[in-house]
Amino acid sequence: LPIPEDISQPLIVSVRLPRVLSVALVGAALSVCGAAIQGLLRNPLADSSTMGVSSGAGVGACLSIAFGLTIPGLGNAGTMVTAMIFAFLTLMLILTLSYKIDYSLSTNTIILIGMIVTMFASSVISLVITFAGHKVNPIIFWLMGSLSSAKYSDVLILLGSLAVFGTVILFFAQELNAFAIGEDNARHIGVNVKRSKYVILIAVSALVGICVSIGGTIAFVGLVIPHMTRMLVGPNHKRLLPASLFSGATFLMLADLLARTLLNPKELPIGVVTSFVGAFAFVFIFYRTRKAK
2 LPIPEDISQP LIVSVRLPRV LSVALVGAAL SVCGAAIQGL LRNPLADSST MGVSSGAGVG
62 ACLSIAFGLT IPGLGNAGTM VTAMIFAFLT LMLILTLSYK IDYSLSTNTI ILIGMIVTMF
122 ASSVISLVIT FAGHKVNPII FWLMGSLSSA KYSDVLILLG SLAVFGTVIL FFAQELNAFA
182 IGEDNARHIG VNVKRSKYVI LIAVSALVGI CVSIGGTIAF VGLVIPHMTR MLVGPNHKRL
242 LPASLFSGAT FLMLADLLAR TLLNPKELPI GVVTSFVGAF AFVFIFYRTR KAK
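Given below as structure tokens:
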């Protein structure tokens, strides 16, 4: 049955619009973070989850939902802040361990430590789910990724975060171009490799932590979209990063549309759609990368 206009208009403004805006901002943020990580690590199969930051934020959110581990006085925002704190703690752990093992903070060391931390975080999440009791369903739904309950406050947080940390990442586009020729060569042409790594990783981790805390774990956006965009606009990060913003937003809005309409009246978590599409795209990227080698 058609919805009366006097009901549909407030519904669009209060429910649909903040959801669409949040989806677009999360897609843009995850995509630009993925492009930055791939450029920094010189690996087209890398994304923010490679760093373990998404998993770290997931641990914080799961603990907050399951056991009420949150920041006093913040109410519903406590889960978001807890996830952000755990994202930062995860980053600090990865950088500290990488620095202890390899003073130069080589990309291979960072990737290896990130994978180890990701596996450990996944084990912690499984342990939390085991003891979560009646909170299991909300945790699992959150882990699959969903922005169905996004509010205008979430839009403002995402917009402000993307404006700040996205600008920082865009500011380092030239340094990301220099990383393409190798860290030693980048150092020889005047790039402060260690400082650039720290700043980019902190900006990416903050942005990913905020996105994960609001929308859950939405996989493959930071992996697939930057790679596809690179095929269209080339490897120059001065073009790639802005293009990734728009392509990531567009992709996630289309994925959200599928999530809402594919099994109507039931709704899929958006993370399920991105994982399904991204898995096939990942195989294509892996095949293309191996063939190129």
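Start counting at 1 in the sequence shown, then tack on 1, and there's your number in this note's numbering. Glycine included, C-beta positions come from ideal geometry on N, C-alpha and C.
Suppose the cutoff is 7 Å on Cβ atoms and the five residues either side in sequence are ignored; what does the same chain contact list for residue i look like?
| i | result |
| --- | --- |
| V192 | E176 and A179 |
| A133 | A67 and I140 |
| I201 | A37, L41, I170 and F173 |
| I95 | M52, G53, I111, I114, G115 and V118 |
| I86 | G61 |
| P190 | The question names Pro, yet the displayed sequence has Ile at residue 190. Once the five neighbours on either side are set aside, the close Cβ partners of I190 are A179. |
What do you get for residue i, buried or exposed, if any count of 16 or more other CB atoms within 10 angstroms of its CB means buried?
| i | result |
| --- | --- |
| L157 | exposed |
| M81 | buried |
| V284 | exposed |
| K267 | exposed |
| Y153 | exposed |
| S124 | exposed |
Rounding to the nearest angstrom, what Cα-Cα distance links residue i and residue j in this structure?
| i | j | result |
| --- | --- | --- |
| G249 | A122 | 26 Å |
| L263 | D257 | 10 Å |
| N186 | T251 | 36 Å |
| H228 | G235 | 10 Å |
| S23 | R196 | 31 Å |
| L64 | S127 | 11 Å |
| L2 | N265 | For L2, the predicted structure reports a pLDDT of 46, less than 50, and the residue's modelled location is therefore unreliable. A value from the coordinates is still provided. Each residue's Cα considered, the two are about 14 Å apart. |
| S15 | K101 | 50 Å |
| R231 | F281 | 18 Å |
| T97 | L90 | 10 Å |
| G223 | V137 | 27 Å |
| G57 | F142 | 17 Å |
| G61 | L269 | 24 Å |
| N237 | A164 | 21 Å |
| R289 | G69 | 45 Å |
| T83 | I215 | 11 Å |
| R261 | G79 | 28 Å |
Using a Cβ-Cβ cut-off of 8 Å (strictly less than) and excluding sequence neighbours within five positions of residue i, which residues of its own chain qualify?
| i | result |
| --- | --- |
| A220 | S50, G146, G272, T275, S276 and G279 |
| E184 | S105, S107, T108 and V194 |
| L255 | none |
| P19 | A151, K152, Y153, D155 and V156 |
Compare the beta carbon distance of residue i and residue j with 8 Å and say whether it is the shorter of the two.
| i | j | result |
| --- | --- | --- |
| V213 | S55 | yes |
| R17 | A181 | no |
| L92 | I203 | yes |
| A47 | S206 | no |
| S162 | I211 | yes |
| L233 | G167 | no |
| G217 | L144 | yes |
Between residue i and the rest of its own chain, which residues show a CB-CB distance below 6 Å, the 5 nearest in sequence each way excluded?
| i | result |
| --- | --- |
| N246 | A quick correction: the sequence has Leu, not Asn, at residue 246. The residues are A29 and V33. |
| I286 | H228 |
| L242 | V33, A36, L171 and A174 |
| D103 | T110 |
Mind checking which residues open and close the alpha helix (DSSP H) that includes residue i?
| i | result |
| --- | --- |
| V54 | V54 to F68 |
| N109 | T108 to T131 |
| P236 | Per DSSP, P236 belongs to no alpha helix (DSSP H) and is neither H nor E. |
| R43 | Run containing R43: none; DSSP gives neither H nor E here. |
| P139 | V137 to M145 |
| T168 | Y153 to F172 |
| E184 | E184 to H189 |
| L208 | V194 to G216 |
Between residue i and the ligand SAH, is the CB less than 7 Å from at least one heavy atom?
| i | result |
| --- | --- |
| Q39 | Because no ligand of any kind appears in the structure shown, any question about the ligand SAH cannot be addressed here. |
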